Amino acid sequence: MQRTADRAAELKLLRSVPLYYDLDEKDLERIAGLMVLKSYPKDDMIIFEDDLGRNMFVIKSGRVKISGVSSEGDEAIFSIFSDGDFFGELSIIDGLPRSATATAIDDVELWVLNRGDFLSLLESFPQVAITLLKELAERLRRSDSQIKALTLKDARGRVGSTLVRLAEDSGIVRGGKVVLEGLPLQRDIASIAGTSRETISRVIKRFEDEGLMIKVENSVVFNDYDKFKKQFA
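With positions in the sequence shown counted from 1, the corresponding number in our numbering is that position plus 64.
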């Protein structure tokens with residue numbers, strides 16, 4: 065009975081993954097049988113830039129950062145993914161080496177799908193392929209927005225844009241307000257925003273003084289998220 069309950073819980077979690085929204089229970093059962101659940105401790109590297117891609121990953125729990133290293137040795141963070149997000153798909157699709165490194169921000173659990181099964185999945189379920197294309201298009205738009213923010217905005221604008229991006233990815237609504245829990249380290253936010261940790265601290269303090277947000281330990285509460293988003297997105 066417990067095993068049946070565990071399986072039902074797993075299928076419920078799978079259905080929460082955007083890639084699998086439109087699949088029925090029978091199809092979810094098939095996909096669940098193809099994936100292997102793996103755990104990675106905090107700060108563990110999951111995939112390495114320039115490695116050959118043999119698997120794609122779906123996050124069951126925890127957060128993963130996608131990053132690269134500049135010629136000067138500085139880390140540049142491209143994205144932070146959380147529950148239900150997937151990564152590692154590009155190398156599976158085009159067969160080229162990994163374009164970035166993926167690192168566990170927290171202890172994470174990942175569903176792992178090998179290249180052959182993933183490509184077979186796309187052929188068998190056109191709706192999954194369409195959802196994948198939509199998600200890739202959305203990520204491209206976000207990348208364009210990030211490039212514009214880095215090149216056209218001042219430090220305040222870049223930090224604001226970064227906080228909006230993080231809130232859109234993993235913010236939750238509590239008490240009528242948008243809350244960004246488990247805020248990444250200042251060095252990680254600085255990497256995404258293209259500025260220094262000192263600047264991050266100064267700008268967030270300024271946002272608090274202006275009444276735009278409240279910072280409580282490692283969380284941020286937006287007093288009026290729609291207004292904040294309109295100003296910085």
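Idealized CB from N, CA, C, for every residue including glycine. Keep in mind it's a predicted model, so treat the numbers as computed, not measured.
With DSSP as the reference, please indicate the residues paired to residue i in a beta bridge.
i, result
"residue 287", "BP columns for residue 287 are empty, so no partner."
"residue 121", "151 and 176"
"residue 141", "131"
"residue 111", "166"
I need the DSSP call for residue i, collapsed to helix, strand or coil.
i, result
"residue 177", "strand"
"residue 77", "helix"
"residue 164", "coil"
"residue 132", "strand"
"residue 52", "Nothing in the structure corresponds to residue 52, since the chain is present only between 65 and 297."
"residue 72", "helix"
"residue 146", "coil"
"residue 97", "helix"
"residue 87", "coil"
"residue 297", "coil"
"residue 171", "coil"
"residue 82", "helix"
"residue 116", "coil"
So, is residue i buried or exposed, given that buried needs 16 or more other C-beta atoms within 10 angstroms?
i, result
"residue 286", "buried"
"residue 112", "exposed"
"residue 200", "exposed"
"residue 280", "exposed"
Does any CB atom of chain C fall closer than 8 Å to the CB of residue i?
i, result
"residue 282", "You won't find chain C in this structure, because it holds only one protein chain."
Cβ contact check for the region 113-130 and the region 147-155: 3 or more pairs under 8 Å
As far as the Cβ criterion goes, the region 113-130 touches the region 147-155, which means the pair count is three or higher.
Report the residue ranges of all alpha helix (DSSP H) runs contained in full by the region 217-291; include only those spanning at least 4 residues, in chain order.
Along the length of the region 217-291, whole alpha helix (DSSP H) runs at least 4 residues long occupy 219-234, 250-257 and 261-273, reported in chain order.
May I ask you to verify whether the region 166-184 touches the region 125-142, counting CB pairs closer than 8 Å and requiring at least 3?
When Cβ pairs closer than 8 Å are counted between the two stretches, the region 166-184 is seen to touch the region 125-142, the count reaching three or more.
State whether the region 175-183 contacts the region 97-115, with contact taken as three or more CB pairs (one from each stretch) at a distance under 8 Å.
Judged by Cβ distances under 8 Å, the region 175-183 makes contact with the region 97-115, as three or more pairs qualify.
How about the region 179-194 and the region 77-89: do they share at least three Cβ pairs that are nearer than 8 Å?
The answer is yes - the region 77-89 touches the region 179-194, with three or more Cβ pairs under 8 Å.
Touching by the beta-carbon criterion (3+ pairs, under 8 Å), the region 280-294 and the region 227-245
At 8 Å Cβ cutoff, the stretches touch.
Taking one C-beta from the region 258-265 and one from the region 219-231 each time, how about it: are there three or more such pairs within less than 8 Å?
Output reads yes: the region 219-231 touches the region 258-265.
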